[in-house]
Amino acid sequence: MKKLMAFTAAALAAAAVQAADIYVSLETGKNKNDGTKEAPLKNLWKALEKAETGDTIHVAGAKEAYPGKATSKGTFRMEKPVSIIGGYAPDFASRDPLKYRTLFQAKNDSYVRGNNLGVLHLEFDKTMNAPKGFKMKLDGLIFDEGQANSYHATKGKPEGFDTGMWLEGPAKNIADKQVSPNRYMIYSATASRGEGDIEIENCAFVNCGNIAVNLNWYKGSVEIENCVFVNSRMIGASVACSAAVPMDGPSKPRAGWKPEVKWEFENNTVLYTWSRLNDLADMGFGVRVNTGVEAEIENNIIGLNVLTGFDNTKGVASTKKIKIDGNVFFLNRESDIQMTASPSVVKVRVDEFEDLEGTDGIESIEDNEDLKDPSVFKDRLNAQFLNAFLSMKYSESTKLDEGKCNGLRSMLGLPLQGTITTQCDMFCNRYPLEDALKLFGAMEGKGAQAIK
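Note that the working numbering has the sequence shown beginning at 1, numbered continuously upward.
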């Protein structure tokens, strides 16, 4: 046993020694370089191909966005757990993610359909050989799909806006070459079997046409801290455990079982999450916790979401352990929290949170509050966008087919056929990236803080 322990310790020490630092600079690097600080690579995709488990990729800011490989423009695939740290000066002597921006901002005409479901697509080994015991970090990265999406030229375009509403494919603005990508920003594939820890910190996610951060984590911990989520579609951040939960019944996990994934969601700002479609009927959640997750949702600002700030209706509530403490909720259109309280869905405002104590899956729900001082957002929220959102109206009109078919249907007592026309004042219109980045440091102690 001692020999085995000594061998294991030696192996771990060797792995730590082998971990490498790889440097990338779009403006000064070359892909033929060695990837050192003095001779950085040019492209992040090249560094990801070169990196091994445990390596750290340091990425300098650039005037332009980092391009993906030619066959997957605008997206990057990570098949081994490595860290990506952005926001360095060109010489790597200093770091300031908001000044030296490591930007992922594909153009509409560069969109290529491929196997990557996310701008950063994590897909580790699906077998027993999947990586275990790793720690990886994504820090100082800025994602913006506002230039990749297709927006209607006139429909759903409030006065003064530079775009109309977001368009889901196959529809597209005639001026655009491609439809909206409808992809995640950071995505971990359900089939991945990695067991380890991931930390996402000091990142911005803006104008996402799908869930901004969608992690299907097998086993380990997820930490999302000090990030800004603005103008996502469906969900801002969602974490699920992809490992099977052993159950003794439809809603009862096996005795002694504990969640396989621990998720800390702390000091983030989550604003303007939109519904799935422009009928505003479903989705539109700031944050969602799924089956098999132990979550701590603390000290966040969660507001202006189309449906609800926090959603706990997905999966089996008894397989979750959730703490929702110290958050600021404001102006979520339908509720601040919605959750399943069998047999119905309960939708609650922040001043009624104490009524949720003892609900399946909720371990703590304390010190949450409504926004007391709106002035913290002065010169930080885009006033024009806010005004249009708060004034948004949705209408629906039905026109029945006047042909003979409806006459026959009416005589037989069958439903009549016709067309339904919906009109929404706005839907996922492009939000200015510069204004989104102003949200770092808006409120002391709550939401995303100034990046140090």
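Quick reminder that beta carbons are idealized off the backbone N, C-alpha and C, glycines included.
Return the chain-ordered list of same chain residues with a C-beta closer than 7 Å to the C-beta of Tyr-100, the five sequence neighbours on each side being excluded. Ala-60, Gly-61, Gly-87, Tyr-88 and Ala-89
Reduced DSSP category for Val-179 - H, G, I as helix; E, B as strand; rest coil: coil
Taking the straight line between their C-alpha atoms, what separation do you get for Gly-114 and Glu-357? 45 Å
Could you name the residues that DSSP lists as bridge partners for Val-59? Val-24 and Gly-86
Classify Phe-440 as helix, strand or coil using the three-state DSSP reduction. coil
Closest by CA to Asn-327, which one among Lys-135, Thr-190 and Ile-301? Ile-301
Can you give me the start and stop residues for the alpha helix (DSSP H) that Gln-384 sits inside? 383 to 390
Nearest by alpha-carbon distance to Glu-444: which of Ala-388, Lys-372 and Asn-382 is it? Lys-372
My assumption, with CB atoms under 8 Å, is that Cys-241 sits in contact with Val-293. Please give the rounded CB distance. 5 Å
Going by the CB atoms, is the gap between Ser-83 and Thr-56 shorter than 7 Å? yes
Report the rounded CA-to-CA distance for Thr-359 versus Ala-341, giving the unit in angstroms. 7 Å
Going by DSSP in three states, Thr-8 sits in which element: helix, strand or coil? Because the pLDDT at Thr-8 is just 47, under 50, the model does not fix this residue reliably, and the point stays unresolved.
With burial defined as no fewer than 16 other Cβ atoms inside 10 Å of the residue's Cβ, what is the status of Met-128: buried or exposed? exposed
So, with DSSP's three-state summary, where would you put Asp-311? strand
For Glu-369, which of helix, strand or coil comes out of DSSP? strand
Gly-315 to Val-239 span [Cα, whole Å]: 11 Å
Which value, in whole angstroms, describes the spacing of the CA atoms of Asp-325 and Asn-382? 28 Å
Out of Leu-215, Leu-98, Ala-191 and Asp-96, point me to the one whose CA is closest to Val-287's CA. Leu-215
I'd like to check one pair, Glu-168 with Asn-207: are the Cβ atoms closer than 7 Å? no
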